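Visitor: Top line first, the protein sequences correspond to chains A and B.
Using the UniProt record's numbering, you'd call the opening residue of the first sequence number 1 and step up by one each time.
Using the UniProt record's numbering, you'd call the opening residue of the second sequence number 1 and step up by one each time.
Ideal placement from N, C-alpha and C gives every residue a C-beta, glycine not left out.
A quick note: this is a predicted structure, and the numbers were derived from the prediction, not measured.
Number of protein chains: 2
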Amino acid sequence: MNKSRVTVVDIARAAGVSKSTVSLVLQSSPLVNETTRAKVNATIRELGYVYNRGAANLRQSASSRIIGIIVNDLTNSFFAELAVGMDMVMQSAGYVQFLSNSAESVDRQREVIASMREHGIAGLIISPARGTEASDLKPLAASGIPVVAVVRNVVGAKVSTLFSDNYAGAKDAVRHLIDLGHRRIAFLGGIANTTVFAERVQGWRDALAEAGLGAPDSCVIGSTASRAGGVAAIERALSLPEPPTAALCFNDAAAFGVCDGLRTAGKEPGRDFGVVGFDDVIEAETAVPALTTVSVDPQGMGRRAAQMLLKQVNAGRVEPETIVSSVRLVVRQSCGAGLKDKTRRISA
Amino acid sequence: MNKSRVTVVDIARAAGVSKSTVSLVLQSSPLVNETTRAKVNATIRELGYVYNRGAANLRQSASSRIIGIIVNDLTNSFFAELAVGMDMVMQSAGYVQFLSNSAESVDRQREVIASMREHGIAGLIISPARGTEASDLKPLAASGIPVVAVVRNVVGAKVSTLFSDNYAGAKDAVRHLIDLGHRRIAFLGGIANTTVFAERVQGWRDALAEAGLGAPDSCVIGSTASRAGGVAAIERALSLPEPPTAALCFNDAAAFGVCDGLRTAGKEPGRDFGVVGFDDVIEAETAVPALTTVSVDPQGMGRRAAQMLLKQVNAGRVEPETIVSSVRLVVRQSCGAGLKDKTRRISA
DNA sequence: TGACAAATTTGGAACGATCCAATTATTTGA
DNA sequence: TCAAATAATTGGATCGTTCCAAATTTGTCA
Numbered sequence: 001m002n003k004s005r006v007t008v009v010d011i012a013r014a015a016g017v018s019k020s021t022v023s024l025v026l027q028s029s030p031l032v033n034e035t036t037r038a039k040v041n042a043t044i045r046e047l048g049y050v051y052n053r054g055a056a057n058l059r060q061s062a063s064s065r066i067i068g069i070i071v072n073d074l075t076n077s078f079f080a081e082l083a084v085g086m087d088m089v090m091q092s093a094g095y096v097q098f099l100s101n102s103a104e105s106v107d108r109q110r111e112v113i114a115s116m117r118e119h120g121i122a123g124l125i126i127s128p129a130r131g132t133e134a135s136d137l138k139p140l141a142a143s144g145i146p147v148v149a150v151v152r153n154v155v156g157a158k159v160s161t162l163f164s165d166n167y168a169g170a171k172d173a174v175r176h177l178i179d180l181g182h183r184r185i186a187f188l189g190g191i192a193n194t195t196v197f198a199e200r201v202q203g204w205r206d207a208l209a210e211a212g213l214g215a216p217d218s219c220v221i222g223s224t225a226s227r228a229g230g231v232a233a234i235e236r237a238l239s240l241p242e243p244p245t246a247a248l249c250f251n252d253a254a255a256f257g258v259c260d261g262l263r264t265a266g267k268e269p270g271r272d273f274g275v276v277g278f279d280d281v282i283e284a285e286t287a288v289p290a291l292t293t294v295s296v297d298p299q300g301m302g303r304r305a306a307q308m309l310l311k312q313v314n315a316g317r318v319e320p321e322t323i324v325s326s327v328r329l330v331v332r333q334s335c336g337a338g339l340k341d342k343t344r345r346i347s348a
Numbered sequence: 001m002n003k004s005r006v007t008v009v010d011i012a013r014a015a016g017v018s019k020s021t022v023s024l025v026l027q028s029s030p031l032v033n034e035t036t037r038a039k040v041n042a043t044i045r046e047l048g049y050v051y052n053r054g055a056a057n058l059r060q061s062a063s064s065r066i067i068g069i070i071v072n073d074l075t076n077s078f079f080a081e082l083a084v085g086m087d088m089v090m091q092s093a094g095y096v097q098f099l100s101n102s103a104e105s106v107d108r109q110r111e112v113i114a115s116m117r118e119h120g121i122a123g124l125i126i127s128p129a130r131g132t133e134a135s136d137l138k139p140l141a142a143s144g145i146p147v148v149a150v151v152r153n154v155v156g157a158k159v160s161t162l163f164s165d166n167y168a169g170a171k172d173a174v175r176h177l178i179d180l181g182h183r184r185i186a187f188l189g190g191i192a193n194t195t196v197f198a199e200r201v202q203g204w205r206d207a208l209a210e211a212g213l214g215a216p217d218s219c220v221i222g223s224t225a226s227r228a229g230g231v232a233a234i235e236r237a238l239s240l241p242e243p244p245t246a247a248l249c250f251n252d253a254a255a256f257g258v259c260d261g262l263r264t265a266g267k268e269p270g271r272d273f274g275v276v277g278f279d280d281v282i283e284a285e286t287a288v289p290a291l292t293t294v295s296v297d298p299q300g301m302g303r304r305a306a307q308m309l310l311k312q313v314n315a316g317r318v319e320p321e322t323i324v325s326s327v328r329l330v331v332r333q334s335c336g337a338g339l340k341d342k343t344r345r346i347s348a
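1) Between L99/B and L124/B, how many whole angstroms is the CB-CB distance? I'm expecting something under 8 Å.
2) Can G230/A and A253/A be called in contact, C-beta distance under 8 Å?
3) Using the Cβ count rule (16 or more neighbours within 10 Å means buried), how would you classify C62/B?
4) For V155/A, count the other beta carbons within 10 Å of its own beta carbon; 16 or more makes it buried, fewer makes it exposed. Which is it?
5) Taking C-alpha atoms, which residue in G189/A, S105/A, S29/A, G274/A lies nearest to T224/A?
6) Give the DSSP bridge partners of G94/A, in chain order.
7) Identify the residues that DSSP records as bridge partners of S164/B: which are they?
8) Scan the segment 164–181 of chain A for residues whose Cβ lies nearer than 7 Å to a Cβ of chain B and list them as they occur along the chain.
9) Can you tell me whether P128/B is helix, strand or coil according to DSSP?
10) Figure out for me which residue from Y51/B, E268/B, A56/B, L137/B has the closest Cα to the Cα of R5/B.
11) Would you please state the rounded distance, in angstroms, between the beta carbons of G120/A and N57/A? I believe it to be under 8 Å.
12) For R117/B, would you say it is in contact with chain A, using Cβ-to-Cβ distances shorter than 8 Å as the test?
13) Quick check on DSSP: helix, strand or coil for N41/A?
14) For I221/B, which residues of its own chain have a beta-carbon under 6 Å away from its beta-carbon, when the five flanking residues on both sides are left out?
15) Counting contacts by CB-CB distance shorter than 8 Å, is I282/A in contact with chain B?
16) Alpha carbon to alpha carbon, how far is V258/A from L177/A?
17) Do we get a CB-CB distance below 8 Å when we pair D341/A with the residues of chain B?
18) When DSSP labels each residue in this structure, what does N101/A get in the three-state scheme?
19) Counting contacts by CB-CB distance shorter than 8 Å, is S334/B in contact with chain A?
20) Note the first and the last residue of the continuous alpha helix (DSSP H) segment covering D206/B.
21) Let's test the definition: count the other Cβ atoms within 10 Å of the Cβ of E283/B and tell me whether it reaches 16, buried, or not, exposed.
22) At least one CB of chain B closer than 8 Å to the CB of L137/A: is that the case?
23) To the nearest angstrom, how far is the alpha carbon of V118/B from that of R53/A?
24) Since C259/A is in the beta strand (DSSP E), which residue starts that stretch and which ends it?
25) Check whether the Cβ atoms of S77/B and S295/A sit closer than 8 Å, and answer yes or no.
26) Starting from I221/A, follow its DSSP beta bridges and name the residues at the other end.
27) Can you give me the Cβ contacts of N153/B inside the same chain, cut-off strictly under 7 Å, excluding the 5 residues immediately before and after it?
28) When DSSP builds the beta bridges, which residues end up paired with S295/B?
29) Cβ of M88/A within 8 Å of Cβ of R303/A?
30) Specify the secondary structure class of V147/A as computed by DSSP and reduced to three states.
31) Name the residue from M90/A, V17/A, D136/A whose alpha carbon lies nearest to the alpha carbon of K158/A.
32) Since I believe V71/A is in contact with N33/A (beta carbons under 8 Å), could you give me their beta-carbon distance rounded to a whole number of angstroms?
33) Distance check for G274/A and A247/A, CA to CA, integer angstroms please.
34) Please report the distance separating the alpha-carbon of R345/A from that of V288/B.
35) Measure from the C-beta of Y51/A to each C-beta in chain B and report whether the shortest distance is under 8 Å.
36) Considering only heavy atoms of the ligand ZN, does any lie closer than 7 Å to the CB of R59/B?
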């Protein structure tokens with residue numbers, strides 16, 4: 001049933017021209033006569049010809065219009081949005097993406113990179129799995145394939161990097177909680193051994209120090225960067241001898257978990273406890289209470305990353321640049337900002 | 001800087017054998033002598049050779065190890081999980097995926113399909129955008145490329161299909177609410193003009209009829225299949241002359257929105273109003289109250305879809321089959337099941 | 001040692017498109 | 001009308017791999 005595919009030669013024969021002419025038509029070259037072009041195009045439609053990009057890419061000059069995207073956790077809506085942002089840009093630029101989920105496994109990530117290389121990607125955007133080393137990206141750089149690392153950076157790797165200003169975002173968020181009258185502010189959720197975590201904690205610490213407040217280590221409660229992790233973290237936080245009255249959470253998922261945990265403990269987020277998230281995922285706005293959070297705009301970040309990569313692909317040369325994407329605190333209800341002082345109950 | 005790539009011929013020359021021998025080594029053919037194999041492999045490592053799959057796929061017999069995946073909305077965690085399930089299977093089977101987000105646009109979907117075809121995909125899994133027609137998939141089928149449609153079906157298209165038992169799931173859910181004593185049960189959220197919606201509403205309707213209860217059209221309140229849509233739907237539901245006391249929601253996202261909306265209206269989901277979702281996304285378990293929902297296991301569905309496709313790809317022939325994946329009601333707190341009768345307040 | 005089989009190795013022709021240099025067709029100008 | 005300029009078309013080599021048929025090496029046995 002699988003009739004052998006139609007090629008330029010078949011078109012050429014049917015249209016009574018040479019394969020070279022067909023090729024020129026395919027590239028909509030101005031060299032070919034209008035009448036001929038029309039005839040060839042008609043034949044193409046008629047025979048149901050499908051262009052074979054693989055064959056075209058074989059010529060050494062050509063660069064494939066395939067780019068690779070590797071994401072560490074696609075089930076996390078932050079990364080899903082990031083991928084969607086990239087997809088938008090790539091698609092309108094006429095590229096297709098190999099998109100893979102490393103699920104935080106460096107081994108899997110290595111395999112995927114190797115496979116993508118064999119398929120001749122023109123560039124790679126990677127949100128690296130935890131534990132990714134510069135050597136994992138070395139071979140790509142060596143063969144001149146542009147790489148953009150997003151969200152997390154890979155120390156020692158000479159690749160372009162795009163991440164959000166975690167430090168400033170965390171600092172702003174904590175300052176805001178301090179302005180609202182909070183004095184004991186915890187940092188909840190997230191996996192401690194990561195750059196992003198360290199940056200956010202540092203922002204938290206410095207904001208507290210600035211205000212002359214203590215930043216005890218007991219108030220930094222790591223867990224997973226998920227809803228379940230948030231529940232666990234707030235549980236531990238509330239059992240401290242001097243429990244906090246507010247918290248900056250590692251990300252929105254953890255913040256939602258913290259809200260859940262607060263309710264289980266009979267406290268209403270926003271009224272009895274200030275909660276601030278990080279990322280500003282779509283649900284943050286519609287949740288109840290609406291989540292105060294540091295907006296990172298993952299989709300926008302994905303778009304920017306894609307543009308960075310395409311710039312390098314088109315330039316044909318790799319010049320690593322690092323861009324720190326600025327963030328902005330979006331004040332909603334979960335921090336308690338909208339409430340009158342008597343309604344908010346913080347035993348400060 | 002971009003040194004011309006290393007090819008089998010380079011390896012052959014360096015190792016002092018012919019390119020044919022190198023090719024045999026690459027395919028780990030038993031024909032080649034162990035000593036030679038070792039020598040060639042050493043040279044391959046030494047020169048940093050990268051296999052060029054594009055060139056290999058050029059030979060007509062070969063089928064590419066690339067499959068396409070198109071998803072209608074990757075920002076929806078249900079579909080993200082679906083994609084992750086597929087990714088798992090494909091990756092361990094040695095395939096790479098082109099993954100694209102159609103964002104519910106048939107035009108974009110058409111472009112992506114065309115592009116994937118030009119890149120020579122061996123098969124396609126698609127969760128079709130709304131409004132997808134059989135003609136959109138026709139060319140693929142015509143060239144013998146297996147297609148599996150998931151979640152939604154495409155009427156008239158002769159492709160394999162995998163979807164969940166929406167009817168039975170909805171029916172079970174509503175029966176359960178009836179058993180809990182509810183008499184006015186609404187159907188909230190979702191876009192009315194879709195097969196999935198119709199199937200779920202039919203389940204809802206039949207369960208009510210079975211119990212001799214009315215299923216007035218005013219109790220079916222469509223909106224978007226999102227959190228925001230859920231909020232809007234419950235608002236309208238509560239303003240009905242005889243407001244419902246419980247609802248089956250189109251999906252979990254809408255169900256979360258319904259919970260949010262209930263709280264805004266001063267009602268506690270689970271206690272004052274029974275809420276049941278559909279899909280069982282990860283957050284359903286950890287939310288407060290934990291969401292009672294019809295478990296669809298999107299990741300598992302993704303895995304099954306991938307297996308269905310690979311089976312066809314390997315068999316080399318396309319024999320459309322339809323699989324209805326069974327679902328199961330997971331009872332948690334949001335329906336009010338765990339509460340004693342006096343705690344639950346339904347004015348039945 | 002020679003004949004034959006088995007084990008290895010190897011040119012060269014594909015695969016489908018591109019691109020260069022060369023050829024042929026059509027205009028243009030005096 | 002003819003040479004020169006321009007427009008349009010075309011063979012053939014090439015990209016990196018596979019695969020066939022044929023050639024070469026090695027091994028076995030009488």
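Guide: To lay it out plainly:
1) Wrong, their Cβ atoms sit about 11 Å apart, outside the cutoff.
2) yes
3) According to the sequence shown, residue 62/B is Ala rather than Cys. Exposed is the call here.
4) exposed
5) G189/A
6) Paired residue(s): none; G94/A is not in a bridge.
7) S325/B
8) So the list is empty, because no residue satisfies the distance condition.
9) coil
10) Among Y51/B, E268/B, A56/B, L137/B, the Cα nearest to that of R5/B is on Y51/B.
11) Their Cβ separation, rounded to whole angstroms, is 6 Å, which keeps G120/A and N57/A in contact under 8 Å.
12) yes
13) helix
14) L188, A233, R236, A237
15) yes
16) 16 Å
17) Its pLDDT being 45, under 50, D341/A is placed unreliably by the model, and nothing is read from it.
18) In the displayed model, N101/A falls within a strand according to three-state DSSP.
19) no
20) 195–210
21) buried
22) Not an interface residue.
23) It is worth fixing the name first, because residue 118/B is Glu in this sequence and not Val. The alpha-carbon atoms of E118/B and R53/A are separated by roughly 6 Å.
24) Note, C259/A: premise wrong, no beta strand (DSSP E); alpha helix (DSSP H) at 252–264.
25) Taking 8 Å as the cut-off, the Cβ atoms of S77/B and S295/A do not count as close.
26) L188/A
27) T161, F163, T195
28) D279/B, R328/B
29) yes
30) strand
31) D136/A
32) The beta-carbon separation of N33/A and V71/A, rounded to 48 Å, does not stay under the 8 Å limit for a contact.
33) 6 Å
34) Note on R345/A: pLDDT 45, under 50, position unreliable in the model; no value is reported.
35) yes
36) As far as ligands go, the structure on display features none, and thus does not contain the ligand ZN.
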